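Take a look at the structure set out below.
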Amino acid sequence: MIRSRAAVLVWFAFAFAHGTADAAVQESRLGPVTAVVRLTPEDPVIGDPMTLSIEVLAEEGVEVLMPEFGEALERFSIIDFVPRERLDPDGRTRFSQRYTLQSPRSGEHVLPSILIEFVDRRPGHDPAPEGLDAYELLTDPLSFEVASVVLDADDLELSPPMGALPARGGDAGSPWLWAGGVLLIVLAIAPFARAAWLRLRDQAALRSAYELARSELDALLAGPDPGSSADRIDDFFVELSGIMRRYLERRFQLRSPELTTERFLEVVSDSPDLSDSHQVLLRDFLRQSDLVKFAHVIPDEQSIQDAVDAVSSFVEETRDDQPQIPIGDSVVRGAEA
11 MIRSRAAVLV WFAFAFAHGT ADAAVQESRL GPVTAVVRLT PEDPVIGDPM
61 TLSIEVLAEE GVEVLMPEFG EALERFSIID FVPRERLDPD GRTRFSQRYT
111 LQSPRSGEHV LPSILIEFVD RRPGHDPAPE GLDAYELLTD PLSFEVASVV
161 LDADDLELSP PMGALPARGG DAGSPWLWAG GVLLIVLAIA PFARAAWLRL
211 RDQAALRSAY ELARSELDAL LAGPDPGSSA DRIDDFFVEL SGIMRRYLER
261 RFQLRSPELT TERFLEVVSD SPDLSDSHQV LLRDFLRQSD LVKFAHVIPD
311 EQSIQDAVDA VSSFVEETRD DQPQIPIGDS VVRGAEA
């Protein structure tokens, strides 16, 4: 019981560090799994991007299956998506999915319940309810309102009449009349200009899995030297393996971020799109990454370079005929602050 309470306190400290001000928050819990759904800002205005975070904390020995991409979000436009998984020193695992959304209309909205499945592999616990493959944690719906940019009629102040209009030709060249006409034209075309800009942005947001992986890998390699400290090596391999797993999910539709390494290798062995050499490369790379992340093995400089070369070679060799992914141009790496 003491450990359970401590886990909740640590979880709330984690949530606070990631920002809860001006946010709609919904927390759900089932046994060893706690889920927090957070939407910021709490009172968005139509056209503003909204950030939806789904964060899950699982006890050691619990296997979590996070929601599929875009599940329960059909009514919103998804312009960015960042999944992440991290293992705490005490063995608990933190999962997160961060979406950047836009609402198609103003008014009241309800974010539907989100399904999170898990298998309890802890000693002395039933892996799943009788007759089911996994436990199901269903979050509560989250209500919020998107404000309109149109002023309420009750807030408008009408000026009194300004008198009779001048005769034609009297003061048609007044700069005030010209300014008023230009303002009316700008107000009339503003909605159409915004719609056109949003369409162009959405088109620019279509990028291939290869482009996303290369962008993430280049950003990682441009950072600090991973060999500078043990903590830096751990963070480096967490992000490097995350780049590989996200690429596999986008390129081959393999749900790698939610699977353990051994389970994922079983899925890979059944994929007709991956050659034997690619499967061997993935197996060696992922197991080396697990040794660094979980067993705290410190690789030498050559091992680090070999791991980078493995990811780069795999991405380059499988880049042809890739689908376009609706993710924003500004790719946020999995190891964001």
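Using this note's numbering, read the sequence shown as starting at 11 and increasing by one per residue. Here a beta-carbon is modelled for each residue, glycine too, at the ideal position from N, C-alpha and C. From a predicted model like this one, the values you see are computed outputs, not experimental measurements.
In terms of alpha-carbon separation, which member of the options lies closest to residue i?
{"i": "residue 119", "options": "58, 327, 152, 246", "result": "152"}
{"i": "residue 108", "options": "62, 148, 145", "result": "62"}
{"i": "residue 159", "options": "131, 244, 117, 293", "result": "117"}
{"i": "residue 122", "options": "49, 194, 53, 133", "result": "49"}
{"i": "residue 70", "options": "44, 87, 78", "result": "44"}
{"i": "residue 115", "options": "55, 197, 192", "result": "55"}
{"i": "residue 222", "options": "68, 91, 78, 52", "result": "91"}
{"i": "residue 110", "options": "100, 255, 60, 103", "result": "60"}
{"i": "residue 78", "options": "287, 260, 99", "result": "260"}
{"i": "residue 246", "options": "315, 190, 201, 194", "result": "315"}
{"i": "residue 240", "options": "258, 310, 113", "result": "310"}
{"i": "residue 40", "options": "113, 195, 138", "result": "138"}
{"i": "residue 130", "options": "42, 194, 88", "result": "42"}
{"i": "residue 112", "options": "84, 258, 197, 285", "result": "84"}
Just the Cα atoms here: how many angstroms apart are residue i and residue j?
{"i": "residue 36", "j": "residue 82", "result": "15 Å"}
{"i": "residue 295", "j": "residue 320", "result": "7 Å"}
{"i": "residue 229", "j": "residue 253", "result": "11 Å"}
{"i": "residue 330", "j": "residue 155", "result": "43 Å"}
{"i": "residue 219", "j": "residue 86", "result": "22 Å"}
{"i": "residue 231", "j": "residue 327", "result": "20 Å"}
{"i": "residue 305", "j": "residue 203", "result": "55 Å"}
{"i": "residue 226", "j": "residue 192", "result": "45 Å"}
{"i": "residue 215", "j": "residue 141", "result": "Note that residue 215 has pLDDT 47, beneath the 50 cutoff, so the model's placement of it is unreliable and the number below is only indicative. Cα to Cα, the separation comes out at about 43 Å."}
{"i": "residue 199", "j": "residue 207", "result": "12 Å"}
{"i": "residue 224", "j": "residue 324", "result": "11 Å"}
{"i": "residue 242", "j": "residue 287", "result": "30 Å"}
{"i": "residue 157", "j": "residue 106", "result": "28 Å"}
{"i": "residue 262", "j": "residue 189", "result": "56 Å"}
{"i": "residue 101", "j": "residue 135", "result": "17 Å"}
{"i": "residue 144", "j": "residue 205", "result": "44 Å"}
{"i": "residue 197", "j": "residue 89", "result": "27 Å"}
{"i": "residue 291", "j": "residue 99", "result": "28 Å"}
{"i": "residue 53", "j": "residue 194", "result": "29 Å"}
{"i": "residue 257", "j": "residue 185", "result": "59 Å"}
{"i": "residue 80", "j": "residue 187", "result": "50 Å"}
{"i": "residue 133", "j": "residue 284", "result": "36 Å"}
{"i": "residue 201", "j": "residue 312", "result": "56 Å"}
Let me check one thing: in DSSP terms, what residues is residue i bridge-paired to?
{"i": "residue 124", "result": "Bridge partners of residue 124: none, in fact."}
{"i": "residue 60", "result": "111"}
{"i": "residue 65", "result": "46, 106"}
{"i": "residue 159", "result": "None; residue 159 has no bridge partner."}
{"i": "residue 35", "result": "48"}
{"i": "residue 154", "result": "119"}
{"i": "residue 92", "result": "108"}
{"i": "residue 145", "result": "128"}
{"i": "residue 72", "result": "130"}
{"i": "residue 55", "result": "157"}
{"i": "residue 97", "result": "103"}
{"i": "residue 350", "result": "Outside the displayed span of the chain (11 to 347) sits residue 350, for which this structure offers no information."}
{"i": "residue 40", "result": "43"}
Establish whether the CB of residue i and some CB of chain D are separated by less than 9 Å.
{"i": "residue 230", "result": "Among the protein chains of the structure shown there is no chain D, as only one such chain exists."}
Ignore the nearest five residues each way along the sequence and tell me which others in residue i's own chain have a CB closer than 7 Å to its CB.
{"i": "residue 289", "result": "278, 279"}
{"i": "residue 146", "result": "125, 127"}
{"i": "residue 46", "result": "25, 35, 37, 65"}
{"i": "residue 282", "result": "none"}
{"i": "residue 301", "result": "307"}
{"i": "residue 58", "result": "none"}
{"i": "residue 293", "result": "275"}
What does a CB cutoff of less than 6 Å around residue i pick up in its chain, not counting 5 residues either side in sequence?
{"i": "residue 148", "result": "123, 125"}
Less than 8 Å between C-beta atoms, sequence neighbours within five positions excluded: which residues of the same chain meet that for residue i?
{"i": "residue 180", "result": "Note that residue 180 scores 49 on pLDDT, short of 50, meaning its location in the model is unreliable; the coordinates nonetheless yield the value given after this. If we look at residue 180 and ignore the five residues flanking it on each side, it has no Cβ neighbours."}
{"i": "residue 303", "result": "97, 244, 247, 248, 251"}
{"i": "residue 103", "result": "67, 68, 70, 72, 74, 95, 96, 97"}
{"i": "residue 317", "result": "247, 250, 295, 298, 299, 309"}
{"i": "residue 322", "result": "227"}
With a threshold of 8 Å, establish whether the CB of residue i neighbours any heavy atom of the ligand COA.
{"i": "residue 302", "result": "For the ligand COA, the structure offers nothing, since it holds no ligand at all."}
Quiz item: If we count Cβ pairs, one from each stretch, closer than 8 Å, do we get three or more for the segment 63–76 versus the segment 93–112?
Solution: yes
Quiz prompt | Segment contact flag, the segment 217–237 with the segment 270–279, C-beta cutoff 8 Å, min 3 pairs | solution = Taking a contact to require three or more Cβ pairs closer than 8 Å, the segment 217–237 and the segment 270–279 do not qualify as touching.
Quiz item: Does the count of Cβ pairs from the segment 139–152 and the segment 36–56 closer than 8 Å reach three?
Solution: Under the Cβ criterion (8 Å, minimum of three pairs), the segment 139–152 counts as touching the segment 36–56.
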